[in-house]
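Below: the structure, in structure tokens.
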Amino acid sequence: MRNAFLVVGGLLLGASMPGQQPAPEHKWAVVLHGGAGVIERKSMDPKTEADYRAGMQEALNAAAQSLQNGKPALDAVEAAIKLLEDNPLFNAGRGAVFTADGVNELDAAVMDGSTMGAGAVAGVRRTRHPISLARAVMEKSPHVLLVGPGTDQFAAEHSLEQVPPSFFFTERRWQGLVKELEKEGKPTPPRPAGVGPAPAKPVAMLEPAEAHKFGTVGVVALDRQGNIAAGTSTGGLQAKRPGRVGDSPIIGAGTYAANQSCAVSGTGTGEYFIRLTVAREICALVQYEHMPLQAAADEVIQRRLTALKGDGGVIALTPDGQMAWSFNSPGMYRARQSEGGKQQIAIYKDEP
Ligand code: ASP
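In terms of this note's numbering, the sequence shown is residues 1097 to 1448.
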């Protein structure tokens, strides 16, 4: 029997007859980032570089596997981000940067392009996976954004893993904070409870402190049903003022997804991304100006963000499988793959 077809949100989908499995009409795709910043070949040792690439590959594989199995885009986004949150190299979950008070305050958001459901959290201190908490806010509460102590309380009520604040601690980020505060002439806060004394020998900084200004992680995915989703997770900016919230959990600024246009996750100095509503702006250019995704991302990052003297980058994709990234910093940790295609993993500006 011939398939019937139906048009949903401008997409042609094969509709199955009763009793048949719907044939996937879309090739999956995924793009991720691990933060933008001053990342240059000359300041990166080979081992560190290999570790970053391996971390991105692990997350990319997890997302690809989930999409290959026919799972929703949102599942792929969450699976990949959870790995990046657990990886101490990235500024999200374990390995996050500290506030000027020496505390980890974590922000995250997810958005489901098929429903335009969104969930976000800011100022998380005890929940191991802020991305899963953002998803729980979307799926299990009538709200979009929770901040402060209410976030961890909500997580605990929904049985999301709680950890002591020292779980997120890394010596490397702490030393980065100490250096930054010294530079700014500010006092160093006491070491967090439960992390032990400072090591006798200073830890290797891996890269100059500047490189650690960013390091947020984000994933956008397109599933075989033709739905897109976006997620972002971060510790924010190093030595940020306690209570400061960046763009990552602000829907339309650092995170956005709608099947009518595109999915975006950003990284950079959040204050600029919020004022430019970077993520939504890119999708608006796609939706209303019918711009190709790469042109829309470049317009907002290379022109508008740069004109405002903001720095950072984005990853993006559309339901018809266009993938893009754009950044105006010397580098951005980034990776992508589409069904049947090769993996692409890159760090420096001159890599394709
Ligand atoms: N955009 C994040 C923020 O401003 C930082 C980052 O991308 O690393 O909180």
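Even for Gly, the Cβ is constructed at its ideal location relative to N, Cα and C.
Since we're looking at a predicted model, the values are computed, not measured.
Not one heavy atom of the ligand ASP falls within 8 Å of the beta-carbon of residue 1265. Rounded to whole angstroms, the separation of the alpha carbons of residue 1436 and residue 1191 is 33 Å.
Taken from the Cβ of residue 1344, at least one heavy atom of the ligand ASP lies inside 8 Å. Contact annotation: residue 1228 and residue 1174 have beta-carbon atoms nearer than 9 Å. If you ignore the 5 residues before and after residue 1136, its C-beta comes within less than 6 Å of the C-beta of 1426, all in its own chain and listed in chain order. Secondary structure remark: continuous alpha helix (DSSP H) runs of at least 4 residues inside the region 1217 to 1268, in chain order: 1226 to 1236 and 1245 to 1253. In this structure, residue 1199 lies away from residue 1224, with their beta-carbon atoms at least 9 Å apart.
Straight-line measurement puts the Cα of residue 1407 at about 34 Å from the Cα of residue 1257. In the DSSP assignment, residue 1125 falls within the unbroken beta strand (DSSP E) covering 1125 to 1133. For residue 1369, the shortest C-beta to heavy atom distance toward the ligand ASP is below 8 Å. Rounded to whole angstroms, the gap between the alpha carbons of residue 1233 and residue 1261 is 21 Å. Closest in C-alpha terms to residue 1291, from the list 1266, 1312 and 1274, comes 1266.
Residue environment for residue 1405: exposed (fewer than 16 other C-beta atoms within 10 angstroms of its C-beta). In this structure, the alpha-carbon of residue 1313 lies about 15 Å from that of residue 1264. Between residue 1331 and residue 1287, the CB-CB gap reaches or exceeds 9 Å. Its Cα nearest to that of residue 1319, the residue 1413 stands out among 1413, 1212, 1181 and 1275. Non-local C-beta neighbours of residue 1417 in its own chain, meaning closer than 8 Å and more than five positions away in sequence, comprise 1122, 1123, 1125, 1318 and 1434, ordered along the chain.
Close CB contacts of residue 1161 within its chain, under the 7 Å cut and outside five residues either way in sequence, are absent. Under the three-pair Cβ rule at 8 Å, the region 1361 to 1377 counts as touching the region 1336 to 1344. A residue is called buried once 16 or more other Cβ atoms fall within 10 Å of its Cβ, and residue 1212, having fewer, is exposed. Residue 1327 is a Cβ neighbour of residue 1361, given a cutoff of 9 Å. Of the residues assessed, residue 1226 falls on the buried side of the cut-off, its CB having 16 or more other CB atoms within 10 angstroms. Contact between residue 1129 and residue 1387 does not hold, since their C-beta atoms are separated by about 21 Å, which reaches or exceeds 8 Å.
Between the alpha carbons of residue 1285 and residue 1184 lies a gap of roughly 21 Å.
Shortest gap from the CB of residue 1333 to any heavy atom of the ligand ASP: under 8 Å.
When the alpha-carbon of residue 1348 is set against those of 1333, 1373 and 1325, the nearest one is in 1373.
Residue nearest to residue 1445 within the set 1127, 1430 and 1439 is 1430 (criterion: CA-CA distance).
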